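Residue numbers (the numbering used here): 41 to 109.
Glycine included, every Cβ here is placed at the ideal spot set by N, Cα and C.
For clarity, every value in this text was computed on a predicted model and none was experimentally measured.
Only one structure is covered here, and it is reproduced in the block below.
Written as C-alpha coordinates, this is what we have:
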(Lines of atoms letter the chains of each structure in order from A and count residues from 1; the text may use other names and numbers.)
(Lines give C-alpha, C1' and ligand atoms only; values in the text may rest on other atoms or scores of the structure.)
Protein backbone atom coordinates (compact mmCIF):
# COMPACT_ATOMS: atom_id res chain seq x y z
CA UNK A 1 0.00 0.00 0.00
CA UNK A 2 1.27 3.45 -0.90
CA UNK A 3 1.90 5.91 1.94
CA UNK A 4 1.15 9.59 1.37
CA UNK A 5 3.72 12.26 2.21
CA UNK A 6 1.46 13.43 5.04
CA UNK A 7 1.29 9.93 6.48
CA UNK A 8 5.08 9.69 6.18
CA UNK A 9 5.46 12.96 8.10
CA UNK A 10 3.23 11.59 10.86
CA UNK A 11 5.06 8.25 11.01
CA UNK A 12 8.46 9.92 11.24
CA UNK A 13 7.25 12.36 13.89
CA UNK A 14 5.77 9.62 16.06
CA UNK A 15 8.85 7.40 15.67
CA UNK A 16 10.96 10.34 16.89
CA UNK A 17 8.63 10.88 19.86
CA UNK A 18 7.89 14.46 18.84
CA UNK A 19 4.67 16.46 18.95
CA UNK A 20 3.07 18.33 16.09
CA UNK A 21 3.90 21.55 17.95
CA UNK A 22 7.60 20.65 18.12
CA UNK A 23 7.80 19.95 14.40
CA UNK A 24 5.79 23.06 13.57
CA UNK A 25 8.21 25.18 15.61
CA UNK A 26 11.21 23.56 13.93
CA UNK A 27 9.73 24.30 10.50
CA UNK A 28 8.77 27.83 11.60
CA UNK A 29 5.05 27.42 10.97
CA UNK A 30 2.02 27.30 13.20
CA UNK A 31 0.74 23.93 14.36
CA UNK A 32 -2.47 24.20 12.30
CA UNK A 33 -0.40 24.53 9.13
CA UNK A 34 1.78 21.58 10.14
CA UNK A 35 -1.35 19.47 10.72
CA UNK A 36 -2.50 20.30 7.19
CA UNK A 37 0.76 18.79 5.92
CA UNK A 38 0.13 15.57 7.87
CA UNK A 39 -3.48 15.53 6.66
CA UNK A 40 -2.33 15.97 3.02
CA UNK A 41 -4.19 19.26 2.58
CA UNK A 42 -0.89 21.08 1.93
CA UNK A 43 2.11 19.58 0.15
CA UNK A 44 5.46 20.55 1.70
CA UNK A 45 7.91 22.61 -0.31
CA UNK A 46 11.48 21.49 -1.02
CA UNK A 47 12.91 23.59 1.82
CA UNK A 48 10.54 22.00 4.35
CA UNK A 49 11.39 18.49 3.15
CA UNK A 50 15.11 19.27 3.31
CA UNK A 51 14.77 20.67 6.85
CA UNK A 52 12.86 17.58 7.98
CA UNK A 53 15.57 15.41 6.46
CA UNK A 54 18.17 17.21 8.53
CA UNK A 55 15.98 16.90 11.63
CA UNK A 56 15.61 13.14 11.19
CA UNK A 57 19.11 12.51 9.78
CA UNK A 58 17.68 11.46 6.42
CA UNK A 59 18.17 12.47 2.82
CA UNK A 60 15.52 14.37 0.88
CA UNK A 61 14.67 11.20 -1.05
CA UNK A 62 14.35 9.14 2.13
CA UNK A 63 11.88 11.66 3.54
CA UNK A 64 9.64 11.60 0.47
CA UNK A 65 9.94 7.86 -0.24
CA UNK A 66 6.58 6.13 -0.07
CA UNK A 67 6.02 2.40 -0.21
CA UNK A 68 4.17 0.51 -2.88
CA UNK A 69 2.24 -2.76 -2.79
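Can you have a look at residue 81 and say buried or exposed, based on whether 16 or more other CB atoms are within 10 angstroms of its CB? Within the chain shown, residue 81 is the residue found at index 41, counting from 1. Per the 10 Å Cβ criterion, exposed.
To which residues of the same chain is residue 48 closer than 8 Å at the C-beta, ignoring the five residues directly before and after it? Looking up residue 48 in the chain shown gives position 8. Taken in chain order, the residues that qualify are 103, 104, 105, 106.
Hey, could you find the ends of the alpha helix (DSSP H) residue 66 is sitting in? Walking along the chain shown from the start, residue 66 turns up at place 26. Per DSSP, residue 66 belongs to the alpha helix (DSSP H) from 60-66.
Excluding the 5 residues preceding and the 5 following residue 90 in the sequence, name in chain order all residues of the same chain whose CB lies nearer than 6 Å to its CB. Sequence index remark: in the chain shown, residue 90 carries index 50 (1-based). Result list for residue 90: 100, in chain order.
Taking the alpha-carbon of residue 74 as reference, which of 86, 50, 93 has the nearest alpha-carbon? For this step, residue 74 is matched to residue 34 along the chain shown. Of the listed residues, the one whose Cα sits closest to residue 74 is 50.
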